[in-house]
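Working notes, beginning with the structure itself.
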Amino acid sequence: MSLTNTRIIQRLTEKFGEQVTAFSEPYGMLTFEAPKEQNLKVLNFLYDDEELKFRFLTDLQAVHYPDDKGRELAVVYHLHNLVDNVRIRFKVFTDVNTPDVYTATGLFSGANWMERETYDFYGVNFVGHPNLKRILNVDEMDYFPMRKEFPLEDQSRIDKDDEMFGRG
Amino acid sequence: MGRPVSYNVNLKPLEKDISIANMPEGHQGEGFFATKLSDVVGLARKNSIWPLPFATSCCGIEFMATMGSHYDLARFGSERVGFSPRQCDLLMVMGTIAKKMGPIVKQVYLQMAEPRWVMAVGACASSGGIFDTYSVLQGIDQVVPVDVYVPGCPPRPEAIIDGVMRIQDLIGKESLRRRNGERYQQLLESYGIQ
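Put into structure tokens, the structure is as follows:
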């Protein structure tokens, strides 16, 4: 019998009880969250469990919700069970002032660059990452550009004449 | 003939089978011709520009059309595209330059030998274009001095040829002492070069 979302939820609640929450299935893809301290335990369980076998990290990124105080940054893991061809989405939330999340590089080598990218754009500090530095942006950049605290336009600009852009 | 663009609606008949650059002003008599050295050097330089294409996006595709047989930049003596900055005279920056690419453009410029010229082709290289954002350099004139800007997004090959012809005018009229002048040194110093 192939793996169903109901069965995954059952296995997770058996193991973690009340700690895994917010189960939903947008477009049929199981999504849930856990406290950020538990992220490695949950990922390890999903990886090692003989039935679940989520052994491929498809993607890892962050989302910024500036209005959600205390849990502004979401780190999202997309996992894939290649045997049963089932995908799930796993989220942990963190305060934007203390964006420390344990690194998944010990479990998935592919998480290395994805976590660097997430750090680069959102400033999530992956604790234990072997080489956490900017990957895409210039090294001199002193902000995290994808956070929703910046206007779309670069404010340090002096070269474009406002009158030419209809905002004089 | 007569495609609906402003560049080639006027039919221009072929004047001669072979075009030869005009002789500079000077005195001539039987067996001699005297003129200014700067005119001769300018004439030689402007009709043998070696371009260095620095193509990062769609403007580079237009440049490929410009180099092709239909538009044929070889008519201006610029068919020899060099891919070593050491050999080239004209840096043609075509396309969006991300901030991370900025130091590389500057390094390529520094590797070119004097005299050197720079052409910013297209809106992105000239001003950042539509990419009004944190990751894109807002015009290459923030890192290197630019001689000619070609507008367009992307510019048609005719516009690129027009830019090359303006570069030719600049080269032909340039004083031999310009590159040693104080003003030129100040220009370079304002970009932190030397």
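Chains A and B, in that order, give the protein sequences.
Sequential numbering from 230 applies to the first sequence in my numbering.
Sequential numbering from 834 applies to the second sequence in my numbering.
Just so you know, even glycine gets a beta-carbon here, dropped at the ideal spot from N, CA and C.
Note that the coordinates shown come from a computational prediction; the quantities given were computed from them, not determined experimentally.
Below 8 Å on the Cβ atoms is my contact criterion, and I expect residue i with residue j to pass it. Report the Cβ-Cβ distance as a whole number of Å.
{"i": "A:Met343", "j": "A:His293", "result": "Contact flag wrong, Cβ pair sits at about 17 Å."}
{"i": "B:Pro990", "j": "B:Glu895", "result": "6 Å"}
{"i": "A:Phe283", "j": "A:Leu289", "result": "About 13 Å separates the two Cβ atoms, so there is no contact after all."}
{"i": "B:Ala992", "j": "B:Asp974", "result": "That pair is no contact at about 18 Å."}
I'd like to check one pair, residue j with residue i: are the Cβ atoms closer than 8 Å?
{"i": "B:Thr868", "j": "B:Gly862", "result": "no"}
{"i": "B:Val977", "j": "B:Val997", "result": "no"}
{"i": "B:Leu924", "j": "B:Ile1000", "result": "no"}
{"i": "A:Gly339", "j": "A:Leu286", "result": "yes"}
{"i": "B:Leu970", "j": "B:Gly935", "result": "yes"}
{"i": "A:Asn310", "j": "A:Leu232", "result": "yes"}
{"i": "A:His307", "j": "A:Thr332", "result": "no"}
{"i": "A:Arg318", "j": "A:Val305", "result": "yes"}
{"i": "B:Leu906", "j": "B:Gly1005", "result": "no"}
{"i": "A:Val330", "j": "A:Glu301", "result": "no"}
Classify residue i: buried if its beta carbon has 16 or more other beta carbons within 10 angstroms, exposed otherwise.
{"i": "B:Asn855", "result": "exposed"}
{"i": "B:Gly1043", "result": "Within the shown structure, residues of chain B are numbered from 834 to 1027, placing residue 1043 of chain B beyond reach of any answer."}
{"i": "B:Cys986", "result": "exposed"}
{"i": "B:Asp850", "result": "exposed"}
{"i": "B:Ile930", "result": "buried"}
{"i": "B:Val961", "result": "Per the sequence shown, the amino acid found at residue 961 of chain B is Gly instead of Val. So B:Gly961 ends up on the buried side."}
{"i": "B:Arg949", "result": "buried"}
{"i": "A:Asn268", "result": "buried"}
{"i": "B:Gly864", "result": "exposed"}
{"i": "B:Leu1009", "result": "exposed"}
{"i": "B:Phe916", "result": "exposed"}
{"i": "B:Ala946", "result": "exposed"}
{"i": "A:Glu262", "result": "buried"}
{"i": "B:Leu847", "result": "exposed"}
{"i": "A:Lys265", "result": "buried"}
{"i": "B:Gly955", "result": "buried"}
{"i": "B:Ser959", "result": "buried"}
{"i": "A:Phe373", "result": "buried"}
{"i": "B:Leu1020", "result": "exposed"}
{"i": "A:Phe379", "result": "exposed"}
DSSP has residue i in a bridge; who is on the other side?
{"i": "A:His307", "result": "A:Asp288, A:Arg318"}
{"i": "A:Asp329", "result": "A:Asn354"}
{"i": "A:Trp342", "result": "BP columns for A:Trp342 are empty, so no partner."}
{"i": "B:His903", "result": "Note: B:His903 sits in no beta bridge, so no partner."}
{"i": "B:Tyr982", "result": "B:Ala953"}
{"i": "B:Ser1008", "result": "B:Ser1008 pairs with nothing; no bridge assigned."}
{"i": "A:Leu259", "result": "A:Ile317"}
{"i": "B:Gln861", "result": "B:Phe866"}
{"i": "B:Thr966", "result": "Looking at the DSSP assignment, B:Thr966 forms no beta bridge with any residue, so it has no partner."}
{"i": "A:Val367", "result": "Partner(s): none; A:Val367 has no beta bridge."}
Do residue i and the ligand MG come close, with the Cβ less than 7 Å from some heavy atom?
{"i": "A:Val249", "result": "Absence of the ligand MG is noted for the structure shown, with no ligands found whatsoever."}
Give the residues from the segment 955 to 968 of chain B that approach chain A closer than 9 Å (Cβ to any Cβ), ordered along the chain. Those would be Ser960, Gly961, Asp965, Thr966, Tyr967, Ser968, in chain order.
Contact residues within the segment 349 to 371 of chain A, judged by C-beta distance below 7 Å to chain B: Cβ contacts with chain B: Asn366, Val367.
Using a Cβ-Cβ cut-off of less than 9 Å, list which residues of the segment 905 to 934 of chain B approach chain A; keep chain order. Under the 9 Å Cβ criterion, the segment 905 to 934 of chain B contributes Ala931, Lys932, Lys933.
Which residues, in order along the segment 319 to 345 of chain A, keep a beta-carbon less than 7 Å from a beta-carbon of chain B? So the list is empty, because no residue satisfies the distance condition.
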